[in-house]
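A quick write-up on the structure given underneath.
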Amino acid sequence: DNYQPSDFAWMEMQNTKIDFVVGAIENYEDALYGYKAAYESFILLKDIEWSKKLEKFSAMLPELQKGLPVDDEFKKDVPGSKADMNAYDVIYYAGDCNAASKTIAINLPNDEEVHMKYGSRKLQLKNSMQAKFDKILMPIAEILIDPEQRKYVTFTAFFENTMFHEVGHAMGIKNTIDNTGTVREVLKEQYSAIEEGKADIMGLYLVTRLYEMGELTEGEVMDNYVTFFAGIFRSSRFGAASSHGKANMMRFNYFAEQGSFTRHENGTYTVHFDKTYDAMISLMQKILFIQGNGDYKAAKKWVDDAAMVPPVLQADLDRLNSSNIPVDIVFKQGPAIVGLK
255 DNYQPSDFAW MEMQNTKIDF VVGAIENYED ALYGYKAAYE SFILLKDIEW SKKLEKFSAM
315 LPELQKGLPV DDEFKKDVPG SKADMNAYDV IYYAGDCNAA SKTIAINLPN DEEVHMKYGS
375 RKLQLKNSMQ AKFDKILMPI AEILIDPEQR KYVTFTAFFE NTMFHEVGHA MGIKNTIDNT
435 GTVREVLKEQ YSAIEEGKAD IMGLYLVTRL YEMGELTEGE VMDNYVTFFA GIFRSSRFGA
495 ASSHGKANMM RFNYFAEQGS FTRHENGTYT VHFDKTYDAM ISLMQKILFI QGNGDYKAAK
555 KWVDDAAMVP PVLQADLDRL NSSNIPVDIV FKQGPAIVGL K
């Protein structure tokens, strides 16, 4: 069960047009302590054109880490220099990644030691992402987003939000500030929900900063905010039991408390930029404080109190179900599909 040598080797394989990801990788299914990982594999074909657009962002990660709006002790970790970002079309999913909700981006390896020495690779699964946007996210926006704001729901924003979610996993803090252990070890079974919440909100923060820096220029930052909010509805339909589902509900309820959106009598939602911006900063700080302090009790209380679907939101999700919008995409794959059998 020593996967570290292969993790280091995979970090060196950044110039291949075909990539193969395989191993015992994610531990979301271990609801007891989050220690056991499930096997999965991907076969990926690099999108050269889209990947070129992403090259410059890897070099910016150390600067973005230093600029996080928290005290220095909560951002002391520096991402490794071999981090990269690329876009791929997925040819084949197998194992855990094809068991239920379909992954549209990955940030690997998960090993904190590899992160410190080399960084991590962020792989955007563009064809799966496009399918979810076209078949699920846009139809959801047509029902739940204020008609005046539907123009802000774009594939580019969805791609950026998803990509920087994965970048967000590599940012922040990996070891507690008192050096009692890694954040993953200390937060135990609460780690995955807290970490997914961090990656979500960190991704939105990074997009915002890159717009402010003039590094993102296609569209406008409001696209990312409204698309991000529409994405909460999409992800919420998987339920609140999984780590991602808990993170979604904790964020939705936090945004509601902060006045980040208004739900109208006709069942549509309007996103308020300034209040969402403020909520984004304070939510990210809250998560990084819990992680850096290794505060298991605070993490558990927050998950227990806030990781629930409020009745009004459940009614809106039921409307989506009655509109026959699929919860997720399903793959037809294998030798017969490509004419090999």
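Numbered by our numbering, the letters in the sequence shown go through residues 255 to 595 in order. Where is the CB? At the ideal position from N, CA and C, for every residue including glycine.
Length of the line joining the Cα atoms of residue i and residue j
{"i": "glutamine 545", "j": "lysine 290", "result": "21 Å"}
{"i": "glutamate 511", "j": "glutamate 266", "result": "45 Å"}
{"i": "isoleucine 394", "j": "glutamine 403", "result": "13 Å"}
{"i": "glycine 314", "j": "serine 576", "result": "The sequence shown places methionine at residue 314, not glycine. In a straight line, the C-alpha of methionine 314 is about 44 Å away from that of serine 576."}
{"i": "glycine 521", "j": "proline 323", "result": "35 Å"}
{"i": "aspartate 343", "j": "glutamine 384", "result": "10 Å"}
{"i": "glutamate 366", "j": "threonine 357", "result": "21 Å"}
{"i": "isoleucine 591", "j": "proline 316", "result": "43 Å"}
{"i": "isoleucine 397", "j": "phenylalanine 487", "result": "11 Å"}
{"i": "glutamate 420", "j": "alanine 453", "result": "7 Å"}
{"i": "glutamate 303", "j": "threonine 270", "result": "14 Å"}
Test item: CB-CB of residue i and residue j under 8 Å
{"i": "proline 589", "j": "isoleucine 390", "result": "no"}
{"i": "phenylalanine 413", "j": "tyrosine 347", "result": "no"}
{"i": "leucine 299", "j": "asparagine 340", "result": "no"}
{"i": "asparagine 429", "j": "leucine 458", "result": "no"}
{"i": "phenylalanine 515", "j": "valine 461", "result": "no"}
{"i": "threonine 434", "j": "threonine 481", "result": "no"}
{"i": "leucine 542", "j": "phenylalanine 328", "result": "yes"}
{"i": "lysine 336", "j": "glycine 277", "result": "no"}
{"i": "phenylalanine 483", "j": "serine 355", "result": "no"}
{"i": "alanine 447", "j": "lysine 500", "result": "yes"}
{"i": "serine 489", "j": "asparagine 502", "result": "yes"}
Coarse secondary structure for residue i, derived from DSSP in three states
{"i": "aspartate 331", "result": "coil"}
{"i": "isoleucine 544", "result": "helix"}
{"i": "serine 496", "result": "coil"}
{"i": "glutamine 378", "result": "strand"}
{"i": "threonine 530", "result": "helix"}
{"i": "glycine 485", "result": "helix"}
{"i": "valine 344", "result": "strand"}
{"i": "methionine 538", "result": "helix"}
{"i": "tyrosine 508", "result": "helix"}
Neighbourhood of residue i by C-beta, 6 Å cutoff - its chain only, sequence neighbours within 5 removed
{"i": "glutamate 283", "result": "Ala292"}
{"i": "lysine 540", "result": "none"}
Own chain partners of residue i with C-beta closer than 8 Å, once the 5 adjacent residues on each side are dropped
{"i": "isoleucine 427", "result": "Phe328, Lys329, Lys330, Asp331, Val437, Leu542, Gln545, Gly546"}
{"i": "histidine 526", "result": "Gly513, Ser514, Phe515, Thr516"}
Residues near residue i in its chain [Cβ-Cβ closer than 7 Å; skip 5 each side]
{"i": "glutamate 443", "result": "Ala285, Leu286, Tyr287, Gly288"}
Please specify which runs of the beta strand (DSSP E), each continuous and at least 3 residues long, are wholly inside the stretch 396-481, giving them in chain order.
Unbroken beta strand (DSSP E) runs of no fewer than 3 residues, entirely contained in the stretch 396-481, are not found.
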